[in-house]
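Novice: Sharing a structure, written as structure tokens. Questions coming.
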Amino acid sequence: MAHEVLMPKLSSTMAEGTITMWLKNEGDAIAIGDPIFEVMTDKIAIEVEAYEEGYLLKKYLNDGESAPVNSIIAYIGEQNEEVPAQMPDFQAETTVETPTEEAKSTEIAEDSSKEVETTIIRATPSARRLARERDISLAEVTGTGPRGRIHLSDVKNFTPKQEQVVQEQPVAESNLIPWKPLRKAIADKMVASKTAIPHVTMTAEVDLTKVTELRQQLLPMIEQKTNERISYLEIFAKAAMIALRDFPIFNAHALEEGIAVFPNIHLGIAVALEDGLVVPVIQSAEQLGLADLTTSIKEKTKKAREGTLTTKEMTGGTFTISSLGRSRVKQFNPIINKPEVAILGIGGIYDKVVFDPTSNEVTNRSFVELSLSFDHRVVDGAPASAFLTQIVTLLENPLGFLL
Numbered sequence: 289m290a291h292e293v294l295m296p297k298l299s300s301t302m303a304e305g306t307i308t309m310w311l312k313n314e315g316d317a318i319a320i321g322d323p324i325f326e327v328m329t330d331k332i333a334i335e336v337e338a339y340e341e342g343y344l345l346k347k348y349l350n351d352g353e354s355a356p357v358n359s360i361i362a363y364i365g366e367q368n369e370e371v372p373a374q375m376p377d378f379q380a381e382t383t384v385e386t387p388t389e390e391a392k393s394t395e396i397a398e399d400s401s402k403e404v405e406t407t408i409i410r411a412t413p414s415a416r417r418l419a420r421e422r423d424i425s426l427a428e429v430t431g432t433g434p435r436g437r438i439h440l441s442d443v444k445n446f447t448p449k450q451e452q453v454v455q456e457q458p459v460a461e462s463n464l465i466p467w468k469p470l471r472k473a474i475a476d477k478m479v480a481s482k483t484a485i486p487h488v489t490m491t492a493e494v495d496l497t498k499v500t501e502l503r504q505q506l507l508p509m510i511e512q513k514t515n516e517r518i519s520y521l522e523i524f525a526k527a528a529m530i531a532l533r534d535f536p537i538f539n540a541h542a543l544e545e546g547i548a549v550f551p552n553i554h555l556g557i558a559v560a561l562e563d564g565l566v567v568p569v570i571q572s573a574e575q576l577g578l579a580d581l582t583t584s585i586k587e588k589t590k591k592a593r594e595g596t597l598t599t600k601e602m603t604g605g606t607f608t609i610s611s612l613g614r615s616r617v618k619q620f621n622p623i624i625n626k627p628e629v630a631i632l633g634i635g636g637i638y639d640k641v642v643f644d645p646t647s648n649e650v651t652n653r654s655f656v657e658l659s660l661s662f663d664h665r666v667v668d669g670a671p672a673s674a675f676l677t678q679i680v681t682l683l684e685n686p687l688g689f690l691l
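According to the working numbering, the sequence shown is numbered sequentially starting from 289.
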């Protein structure tokens, strides 16, 4: 009798799975433990192993196609054994299931505290069926079979752990601070961004020796032209925008219908207020030199603190920078300004003693840590690392600003 191959259950909330790729073709010989296909989770593709040996007689899904959890997606059996030509109806199959019918599935337990680690739970079909009937999590059952496979007797003998009764503690008295409109808007936006976007943050340390020299040289020139003092923020912003030319995918919006990549950089600058945070936007900031960029950032941050920004001046950003200024905090994980796909965080500047191999001396230098949070749905770690590395390289060799 041919053995059913079921769509595996990858988490307690998973209702449907997508085949990333088949690792076996119809007609291929299958041994127990052979990986036969991959299923994509939110983070990684997981190989699913065969629990039966024979030949892959039929597969009902192609790469990239989806099916409900526990639906029959293939058969393994003897050569020339007959199996349904069409994929069995999932609902019909579940209603005619009998205790003696052999079925096979793979379930992967997901530890919610780990984003990418998974464990394959091996169990016989009868054990899985009984576990479902008794509402027992197979992750809690110790298997006595080969390679820890869970047998029916293991489920029958399973005794759930007694949950510890937690005594409710009286709520301490507190002073309730009602939500202010700006604080509530920020709260809602942060929750929407953090829950909808799979954030990954990477950091890099920057030696500011040459940037400091550049700033000292530019200070009198830009102050004479604009009556403003150029700060490190404008130089960091300039480096980011130069890097964005080579990595335009970070100057984009992640939308339902796709990824919108913008030809111009509408730069958002996060400005902290007494009771909130706003992000004024500088349109087409990539077209500005350091003097004009200094003027624009000073003007927008001033208007932000005075509460005179218009709605137009706070919308349409394509890439955001958040700086802690003179803070003693070195590094943080900024939350992406949805629907943008990345945000650059700038920690507080700090000094440390380093050995200079050129002069063979110990010197005191200024450093800063940059944090790039990016949307892992849009880009992966390698291009994000390259993008952040280019920003660091530009800051440590600011002659690249001239290229």
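Virtual Cβ for every residue (Gly too), placed ideally from N, Cα, C.
Considering only the alpha carbon of each residue, which of GLU511, ARG616, ILE523 and ARG422 lies closest to LEU496?
Specialist: Working through the sequence shown from its first residue, we reach residue 496 at position 208. Cα-wise, what sits closest to LEU496 is ILE523.
Novice: Can you list, in chain order, the residues of its chain with a C-beta nearer than 6 angstroms to that of GLN367? Leave out the 5 residues immediately preceding and following it.
Specialist: Counting from 1 along the sequence shown, the entry for residue 367 is found at position 79. Excluding sequence neighbours, GLN367 sits near TYR343.
Novice: Curious, which full-length beta strand (DSSP E) runs of at least 3 residues does the segment 347-382 contain?
Specialist: Here the runs fully enclosed are 354-356 and 360-365.
Novice: If I follow the unbroken beta strand (DSSP E) through VAL488, where does it start and stop?
Specialist: Here the question's residue 488 lines up with position 200 in the sequence shown. Residues 487-495.
Novice: In the DSSP assignment, find the alpha helix (DSSP H) that holds TYR638 and state where it starts and stops.
Specialist: Here residue 638 refers to the residue found at position 350 of the sequence shown. It is not in any alpha helix (DSSP H) - TYR638 instead sits in the beta strand (DSSP E) that spans 638-644.
Novice: Measure the CB-CB distance between MET295 and GLY365 and report whether it falls below 8 angstroms.
Specialist: Counting from one through the sequence shown, the residue named residue 295 turns up at place 7. Counting from one through the sequence shown, the residue named residue 365 turns up at place 77. The answer is no: Cβ separation not under 8 angstroms.
Novice: Who are the Cβ neighbours of GLY605 in its own chain at under 8 angstroms, not counting the five residues just before and after it?
Specialist: To locate residue 605, count along the sequence shown from 1; it is residue 317. The answer, listed in chain order, is HIS554, LEU555, GLY556, VAL567, VAL569, ASN625 and GLU628.
Novice: Applying the criterion that 16 or more other CB atoms from any shown protein chain within 10 Å of the CB defines a buried residue, is GLU398 buried or exposed?
Specialist: Locating residue 398 in the sequence shown gives position 110, where the first residue counts as 1. Any answer about GLU398 is weak, because its pLDDT of 37 lies below 50 and its placement is not dependable; what the coordinates show is given next. Counting Cβ neighbours within 10 Å, GLU398 comes out buried, since at least 16 surround it.
Novice: Cα-Cα, which of LEU676, MET375 and ALA355 is closest to PRO536?
Specialist: As a first step, residue 536 must be located in the sequence shown, where it is residue number 248. If we check each option's Cα against that of PRO536, LEU676 comes out closest.
Novice: Considering just the uninterrupted stretch of the beta strand (DSSP E) at ALA548, what are its terminal residues?
Specialist: Along the sequence shown, read from residue 1 onward, the residue named residue 548 stands at position 260. Its beta strand (DSSP E) spans residues 546-549.
Novice: Measure the alpha-carbon distance for LEU345 versus ALA319 and round it to whole angstroms.
Specialist: Along the sequence shown, one-based indexing puts residue 345 at 57. Along the sequence shown, one-based indexing puts residue 319 at 31. Near 14 angstroms, if we compare the C-alpha coordinates of ALA319 and LEU345.
Novice: May I have the straight-line CA-CA distance separating VAL371 from LEU418, to the nearest angstrom?
Specialist: In the sequence shown, the residue the question calls residue 371 occupies position 83. In the sequence shown, the residue the question calls residue 418 occupies position 130. Cα to Cα, VAL371 sits roughly 26 angstroms from LEU418.
Novice: For VAL293, which of THR308, ASN358 and ALA560 has the nearest alpha-carbon?
Specialist: For the purposes of this step, residue 293 is identified with residue 5 of the sequence shown, where counting begins at 1. Per the Cα distances, ASN358.
Novice: Count the other CB atoms within 10 Å of the CB of LEU691; is the residue buried (16 or more) or exposed (fewer)?
Specialist: Against the sequence shown, residue 691 aligns to sequence position 403. With fewer than 16 other Cβ atoms within 10 Å, it is exposed.
Novice: Excluding the 5 residues preceding and the 5 following LYS468 in the sequence, name in chain order all residues of the same chain whose CB lies nearer than 8 angstroms to its CB.
Specialist: Reading the sequence shown from its first residue, position 180 is the one you call residue 468. If we look at LYS468 and ignore the five residues flanking it on each side, its Cβ neighbours are ASP563 and GLY564.
Novice: I think ALA492 touches LEU658, with their Cβ atoms under 8 angstroms apart; what is that distance to the nearest whole Å?
Specialist: Mapped onto the sequence shown, residue 492 falls at position 204. Mapped onto the sequence shown, residue 658 falls at position 370. Yes, they are in contact, since the Cβ atoms of ALA492 and LEU658 sit about 5 angstroms apart, within 8 angstroms.
Novice: Look up GLU649 in the DSSP assignment and give the residues it is bridged to.
Specialist: In the sequence shown, counting from the first residue as 1, residue 649 sits at position 361. DSSP output for GLU649 lists ASP644 as bridge partner(s).
Novice: Return the bridge partner residues of HIS439 from the DSSP annotation.
Specialist: Mapped onto the sequence shown, residue 439 falls at position 151. For HIS439, which the question treats as bridged, DSSP gives no partner whatsoever.
Novice: Counting Cβ pairs, one atom from each stretch, are 3 or more of them under 8 angstroms apart for the segment 512-532 and the segment 426-435?
Specialist: Touching, no.
Novice: Please go through the segment 534-614 and give each complete alpha helix (DSSP H) segment of 4 or more residues, from N-terminal end onward.
Specialist: Runs found: 578-594.
Novice: Name the one or two DSSP bridge partners that ASP663 has.
Specialist: Indexing the sequence shown from 1 puts residue 663 at position 375. Bridge partners of ASP663: HIS487.
Novice: What does the alpha-carbon distance come out to for the pair ALA672 and GLY636?
Specialist: In the sequence shown, counting from the first residue as 1, residue 672 sits at position 384. In the sequence shown, counting from the first residue as 1, residue 636 sits at position 348. Taking the straight line joining both Cα atoms gives about 22 angstroms.
Novice: Within 8 angstroms, do at least three Cβ pairs link the segment 501-510 to the segment 642-657?
Specialist: Short answer: they don't touch.
Novice: Whole-angstrom Cβ separation of PHE662 and VAL488, contact assumed at under 8 angstroms?
Specialist: Here residue 662 refers to the residue found at position 374 when the sequence shown is read from its first residue. Here residue 488 refers to the residue found at position 200 when the sequence shown is read from its first residue. Yes, PHE662 and VAL488 are in contact; Cβ-Cβ is about 6 angstroms, under 8 angstroms.
Novice: Quick check on DSSP: helix, strand or coil for ILE510?
Specialist: Here residue 510 refers to the residue found at position 222 when the sequence shown is read from its first residue. In this structure, ILE510 counts as helix in the three-state DSSP scheme.
Novice: Can you say whether ASP351 is buried or exposed, counting buried as having 16 or more other CB atoms within 10 angstroms of its CB?
Specialist: Counting from 1 along the sequence shown, the entry for residue 351 is found at position 63. Exposed, since its Cβ has fewer than 16 Cβ neighbours within 10 Å.
Novice: Look at the alpha carbon of ASN685 and the alpha carbon of GLU545, and state the distance between them as a whole number of angstroms.
Specialist: In the sequence shown, counting from the first residue as 1, residue 685 sits at position 397. In the sequence shown, counting from the first residue as 1, residue 545 sits at position 257. If you take the alpha carbons of ASN685 and GLU545, they lie about 39 angstroms apart.
Novice: Do you know offhand how far ARG593's Cα is from THR681's?
Specialist: The count along the sequence shown starts at 1 and reaches residue 593 at position 305. The count along the sequence shown starts at 1 and reaches residue 681 at position 393. Using only the alpha carbons, I get a separation of about 33 angstroms.
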